[in-house]
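Residue numbers (this note's numbering): 294 to 489.
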């Protein structure tokens, strides 16, 4: 399985599941049009775009292009790449009927088509040596570090959000996801040490 440096943005969970069987990459869902009103997710996408770059891989129907164009306007063009799937008519196995335009979405594409789309978009493929083992930060870690479950946890999280230049309204779960996407465990430990 090939590793990709950029964060891949898809519309929904079925697209994400399909893609994660093809490439080793961070894949984030927009939850369809949900990203339009989700400031936390948009802030996270902007931050990830600045750190690693984004590849937008939406369906080839009208809704997919609305989402793609929204992201195109929300992220600097130097930090975003666009992967396009071909117009293939049919329906996904899990659905009773084809979509409104009758086209297969990302979830209905064969692995080779998705890989080709990512290559054409200019995805940065990492070789096996450069992809270091990544140890995730967990909710238990957050608890042990006083970021949850303590009397001053909220204050510590607020200070951390400010230091990381993340939105102050981020939930604990959103913060955990962001930290795991943006930092290695060691780098995050250094940041926590600086806050102490």
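Beta carbons: idealized from backbone N, C-alpha and C, even for Gly. Just so it is clear, the structure is predicted and the values come from calculations on it, not from any experiment.
Measure the Cβ-Cβ separation of residue i and residue j and say whether it is below 8 Å.
i: residue 319; j: residue 474; result: yes
i: residue 445; j: residue 461; result: no
i: residue 411; j: residue 376; result: yes
i: residue 381; j: residue 350; result: no
i: residue 459; j: residue 440; result: no
i: residue 430; j: residue 469; result: yes
i: residue 465; j: residue 435; result: yes
i: residue 471; j: residue 337; result: yes
Kindly indicate which residue of the options has the alpha-carbon position closest to the one of residue i.
i: residue 373; options: 441, 299, 403, 453; result: 299
i: residue 317; options: 294, 307, 402; result: 294
i: residue 335; options: 361, 390, 310; result: 361
i: residue 328; options: 363, 306, 409; result: 363
i: residue 296; options: 311, 379, 307, 315; result: 315
i: residue 392; options: 354, 405, 409; result: 354
i: residue 486; options: 443, 348, 438; result: 438
i: residue 397; options: 379, 477, 409; result: 379
i: residue 306; options: 401, 416, 442, 448; result: 401
i: residue 467; options: 395, 333, 414, 310; result: 333
i: residue 371; options: 310, 309, 341; result: 341
Can you say whether residue i is buried or exposed, counting buried as having 16 or more other CB atoms within 10 angstroms of its CB?
i: residue 399; result: buried
i: residue 488; result: exposed
i: residue 344; result: exposed
i: residue 424; result: Bear in mind that a pLDDT of 44 at residue 424, under 50, signals an unreliable position, so the model cannot answer this.
i: residue 359; result: exposed
Name the DSSP beta bridge partners of residue i, please?
i: residue 382; result: 396
i: residue 322; result: 303
Below 8 Å, can you find three or more Cβ-Cβ pairs linking the stretch 359–368 to the stretch 379–387?
-> Between the stretch 359–368 and the stretch 379–387 there are fewer than three inter-stretch CB-CB distances shorter than 8 Å, so the stretches are not counted as touching.
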